[in-house]
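K.L.:
So that we are looking at the same thing, I have put the structure below in structure tokens.
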């Protein structure tokens, strides 16, 4: 935008859209979600599923 202000004759028009994604915020949110899921999900989920199916009649 600054270049368009300094040299307006170089441009026929300016397309201004949405800003880029907030990658830092997205990474922090992913880490927060993963940390929360690690707290609520059991670590040995595969063993629990396997034992569930072996205990079925």
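Residue numbers (the working numbering): 2 to 58.
The beta-carbon is built from N, C-alpha and C at its ideal position, and this holds for glycine as well.
Distance check for residue 21 and residue 55, CA to CA, integer angstroms please.
P.N.:
Translated into the one-based positions of the chain shown, residue 55 becomes position 54. Translated into the one-based positions of the chain shown, residue 21 becomes position 20. Between residue 55 and residue 21, the C-alpha separation is close to 50 Å.
K.L.:
By the three-class DSSP mapping on this structure, what secondary structure does residue 45 have?
P.N.:
Position 44 of the chain shown, counted from the start, is the residue given in the question as residue 45. Three-state DSSP puts residue 45 in coil, outside helix and strand.
K.L.:
Residue 15 and residue 5 - do their beta-carbons sit closer together than 7 Å?
P.N.:
One-based indexing of the chain shown puts residue 5 at position 4. One-based indexing of the chain shown puts residue 15 at position 14. The answer is yes: Cβ separation under 7 Å.
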